[in-house]
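Colleague:
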Amino acid sequence: MQVPLLLSTSAKRCVPFARIPYQSQLWTFTSTRRFSRHPLAMKQQQTGSAADFFTSDAETLLPPSQRVHILGMGNIGCFIAHSLRGILNPPQVTLLLHNENLYDQWWKQKRRVTLVKHGLIEHAKGFDVSVARQGRWYTPSQPAIASRTSADIANSSDEELDTSTERSNPKTWALDEEPIDNVILTCKATQVEKALKSIAHRLLPTSTIVFLQNGMGIIDEVNEKIFSDPSMRPNYISGITTHGFYRVEPFKAVHTGMGVTALAVTHTNSYIAGVEEVRHTQDETDPSIPTAKKTGDNNYELHSHTSRYLLSLLCRTPALTATALDKTAIITSQLEKLAMNCVINPLTVLFNCKNGDLLQSFNVARMQRLILIEFAAVVRAMPELQGLPGLSVRFSPERLRKLAVGLERTTAENTSSMLQDVLGGRETEIDYINGYIVKKGDELGIRCVANYMVMQAVLAKSRLGSKAAQEVIPFENLEEFL
């Protein structure tokens, strides 16, 4: 791999990047706070050359921001935002709102995120917001609003917020093209592509994206459709959470079940280290967080500064109960959760029932077993998992079935997220749940008939329930069927 040359700040000469001290590398690889007007950024956008971006005078560049952006204000997004504002010395948090209607709702909710837990209502304030308008991002710039910082709002009383919300919403906007160093993506799997495209020009190779979605196969689509150039690809953290919620209204969620959150760095831009594998040791300040993964011959893959920052931040947020894993561990954890989603989500949709109702029918149990038999066959044939100790036992149909029954019992009164989507007229994530197993099965030569059937049934039910779908009858010659 060609190592880019950088202009040394101590001696005005070009030196190989791999020889620059690690801390300098972190600074060198970070854009200025005005990335959209940075000459190197504009040159890279015009030429598509990664080398142009990674060759710069380090004196002009600044360290990455600790501001955290959250894109997707559903249940998980509200939970993450609320949890981050509740820690000691919280970071600045910007909520990325995808339309002005949601911004109007933000004002109606007094510019705060509400979480109901054990019957207690907890409000979190002090957020900044950015709103998507006609394909671009803007922040409110009305003097009365812009002059109030997030810290001012956080220290305001409810009475002051009530008074301020009586004023009309600001309709004067300032274009927001600041680079995004840290973004937590909590939107639905079906919305990830559109959401990321809206901020892709603001993400750098030093940025880190945290993916928190149901289902799998999402990152593969992102790499194919958005970040096709590996050298300019941001860093990725994949995560899963088992916390349970249901939605009350915008920016308000009810926490129905305590769970855990697992996170792992699943992609690091190779240019961050200057070489694909470097010798590296564990972070002495917090050895519980795996900052590097051993790759053989005592070599380690270096994680980016923003990835380590986000891992540390999320793992020190008590409400999330988050732990950091390695890449293999997060994949197996995602697959276990996917197995549960493959049986609970679609079947609750088809039978319009709560999770616990699936335990009441022998026929439903047979359907679950068929789905899990196919699931186990696909997972145990995946090349990337070959050689993993205990793979055949961990992903046996019998063990997965026991896990599903246990989860159905502990969440008996819960309504699955997929059923909530169908009842709310929203698109489901079935293509990334059962659909992922069907796709993987096709690649491996395994026919997944049961998973294909429930996938098509859920798609049919969700689309037949929408008015738009009912207006189009899928027959070329309708007279033949009358």
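Residue numbers (the UniProt record's numbering): 1 to 482. Each residue gets a CB set at the ideal place from its N, CA and C atoms; glycine is no exception.
Let's see if you can read the secondary structure: which residues bound the alpha helix (DSSP H) around D220?
Modeller: For the purposes of this step, residue 220 is taken as residue 220 along the sequence shown, with counting starting at 1. D220 -> alpha helix (DSSP H) spans 218 to 225.
Colleague: Going by beta carbon distance, what residues of the same chain come within less than 6 Å of G465, once the five residues before and after it are set aside?
Modeller: What you label residue 465 is simply residue 465 of the sequence shown in a count that begins at 1. Correct list: empty, nothing qualifies.
Colleague: Among T306, C342, C353, which one has its Cα closest to the Cα of Y432?
Modeller: Here residue 432 corresponds to residue number 432 of the sequence shown, with the count starting at 1. Y432 has its Cα closest to that of C342, out of T306, C342, C353.
Colleague: At the level of alpha carbons, what is the spacing between T114 and T206?
Modeller: Along the sequence shown, one-based indexing puts residue 114 at 114. Along the sequence shown, one-based indexing puts residue 206 at 206. Taking the straight line from one Cα to the other gives about 32 Å.
Colleague: Name the DSSP beta bridge partners of T328, please?
Modeller: Residue mapping note: residue 328 aligns to position 328 of the sequence shown, counting from 1. According to DSSP, which records beta bridges pairwise, T328 is partnered with nothing at all.
Colleague: What does DSSP give as the partner residue(s) for N352 in the beta ladder?
Modeller: Numbered from 1 along the sequence shown, position 352 holds the residue referred to as residue 352. None, per the DSSP bridge assignment.
Colleague: With 16 other CB atoms within 10 Å as the buried threshold, where does Q134 fall?
Modeller: Translated into the one-based positions of the sequence shown, residue 134 becomes position 134. It is exposed - the Cβ of Q134 has fewer than 16 other Cβ atoms within 10 Å.
Colleague: Between the Cα of I371 and those of L347, W173, S228, T261, spot the shortest distance and give me the residue it belongs to.
Modeller: Within the sequence shown, numbered from 1, the residue matching residue 371 stands at position 371. When each option's Cα is compared against that of I371, the closest is L347.
Colleague: Hey, how far is the Cα of R426 from the Cα of D176?
Modeller: For the purposes of this step, residue 426 is taken as the residue at position 426 of the sequence shown. For the purposes of this step, residue 176 is taken as the residue at position 176 of the sequence shown. The alpha-carbon atoms of R426 and D176 are separated by roughly 29 Å.
Colleague: What distance in whole Å lies between the Cβ atoms of I240 and V210, which are believed to be in contact at a cut-off of 8 Å?
Modeller: Position 210 of the sequence shown, counted from the start, is the residue given in the question as residue 210. Position 240 of the sequence shown, counted from the start, is the residue given in the question as residue 240. Going by Cβ atoms, the distance from V210 to I240 rounds to 11 Å, so no, they are not a contact pair.
Colleague: Have a look at K117, P318, H98 and flag the residue whose alpha-carbon is nearest the alpha-carbon of R136.
Modeller: Numbered from its first residue, the sequence shown carries residue 136 at position 136. That would be H98, whose Cα lies nearest to the Cα of R136.
Colleague: Count the other CB atoms within 10 Å of the CB of K197; is the residue buried (16 or more) or exposed (fewer)?
Modeller: For the purposes of this step, residue 197 is taken as residue 197 along the sequence shown, with counting starting at 1. So K197 ends up on the exposed side.
Colleague: Could you tell me whether the Cβ atoms of I80 and T186 are closer together than 8 Å?
Modeller: Walking along the sequence shown from the start, residue 80 turns up at place 80. Walking along the sequence shown from the start, residue 186 turns up at place 186. Against a cut-off of 8 Å, the Cβ pair of T186 and I80 comes out as a contact.
Colleague: Taking the straight line between their C-alpha atoms, what separation do you get for residue 490 and G119?
Modeller: A query on residue 490 cannot be resolved here, the shown segment of the chain reaching from 1 to 482 and no further.
Colleague: Residues in the same chain with beta-carbon distance under 7 Å from S307, minus the five sequence neighbours each way, listed in chain order, please.
Modeller: The residue given as residue 307 occupies position 307 in the sequence shown. Same-chain partners within the cutoff: T208, N235, I237, V265, T268.
Colleague: Taking the beta carbon of residue 483 as the centre, do at least 16 other beta carbons fall within 10 Å, making it buried, or is it exposed?
Modeller: The structure shown does not extend to residue 483, since the chain is modelled only from 1 to 482, so the question has no answer here.
Colleague: Buried or exposed, going by whether 16 or more other CB atoms sit within 10 Å of the CB of G257?
Modeller: Here the question's residue 257 lines up with position 257 in the sequence shown. Exposed: under 16 other Cβ atoms inside 10 Å.
Colleague: Taking the straight line between their C-alpha atoms, what separation do you get for A322 and A262?
Modeller: Within the sequence shown, residue 322 is the residue found at index 322, counting from 1. Within the sequence shown, residue 262 is the residue found at index 262, counting from 1. Looking at the two C-alpha atoms, the distance is approximately 6 Å.
Colleague: For V405, which residues from the same chain have a beta carbon less than 8 Å from its beta carbon, with the 5 sequence-adjacent residues on both sides left out?
Modeller: To locate residue 405, count along the sequence shown from 1; it is residue 405. Answer for V405: L359, listed in chain order.
Colleague: State whether the stretch 395 to 413 contacts the stretch 368 to 383, with contact taken as three or more CB pairs (one from each stretch) at a distance under 8 Å.
Modeller: Yes: the two stretches touch, three or more of their Cβ pairs being nearer than 8 Å.
Colleague: Given a cut-off of 8 Å, decide if V68 and I184 are closer than it, judged by their beta-carbon atoms.
Modeller: Counting from 1 along the sequence shown, the entry for residue 184 is found at position 184. Counting from 1 along the sequence shown, the entry for residue 68 is found at position 68. Yes, the Cβ-Cβ distance between I184 and V68 is below 8 Å.
Colleague: Looking only at its chain, what residues have a beta carbon closer than 6 Å to the beta carbon of G217, apart from the 5 residues adjacent to it on each side?
Modeller: Residue mapping note: residue 217 aligns to position 217 of the sequence shown, counting from 1. Cβ neighbours of G217 beyond the five flanking positions: Y432, Y436.
Colleague: Ignore the nearest five residues each way along the sequence and tell me which others in R202's own chain have a CB closer than 6 Å to its CB.
Modeller: Within the sequence shown, numbered from 1, the residue matching residue 202 stands at position 202. Only P179, I180 meet the Cβ criterion.
Colleague: Considering only their Cβ atoms, is the gap separating V458 from V364 smaller than 8 Å?
Modeller: Mapped onto the sequence shown, residue 364 falls at position 364. Mapped onto the sequence shown, residue 458 falls at position 458. No, they are not a contact pair.
Colleague: Near L335, which residues of its chain fall below 6 Å by C-beta distance, leaving aside the five closest residues on each side in sequence?
Modeller: Your numbering for residue 335 matches position 335 in the sequence shown. Result list for L335: V379, in chain order.
Colleague: Might you give, ordered along the chain, the residues of its own chain that have their beta carbon closer than 6 Å to the beta carbon of S462, omitting 5 neighbours on each side?
Modeller: Within the sequence shown, numbered from 1, the residue matching residue 462 stands at position 462. These residues qualify, in order along the chain: V422, T428.
Colleague: Could you give the distance in angstroms between the alpha-carbon of Y271 and the alpha-carbon of F227?
Modeller: Residue 271 sits at position 271 when you count from the first residue of the sequence shown. Residue 227 sits at position 227 when you count from the first residue of the sequence shown. Spanning the two alpha carbons is a distance of roughly 15 Å.
Colleague: Residue ranges of each alpha helix (DSSP H) run of no fewer than 4 residues wholly in the UniProt domain "Ketopantoate reductase C-terminal" (330 to 461), ordered along the chain?
Modeller: DSSP runs (the alpha helix (DSSP H)) wholly in the UniProt domain "Ketopantoate reductase C-terminal" (330 to 461): 362 to 381, 391 to 394, 397 to 410, 417 to 423, 434 to 444.
Colleague: Going by DSSP, name the residue or residues bridged to Y236.
Modeller: On the sequence shown, residue 236 is found 236 positions in, with the first residue counted as 1. Note: Y236 sits in a beta bridge opposite I209, H267.
Colleague: First and last residue of the beta strand (DSSP E) that includes V192?
Modeller: Mapped onto the sequence shown, residue 192 falls at position 192. Where V192 is concerned, there is no enclosing beta strand (DSSP E), although the alpha helix (DSSP H) it sits in stretches over 192 to 199.
Colleague: K108 by DSSP, collapsed to three states: which one?
Modeller: Start at 1 with the first residue of the sequence shown, and residue 108 comes out as number 108. Reduced to three states, the DSSP call for K108 is helix.
Colleague: So the alpha helix (DSSP H) S83 belongs to, where does it begin and stop?
Modeller: Here residue 83 is taken as the residue at index 83 of the sequence shown, counted from 1. Run containing S83: 75 to 85, per the alpha helix (DSSP H) assignment.
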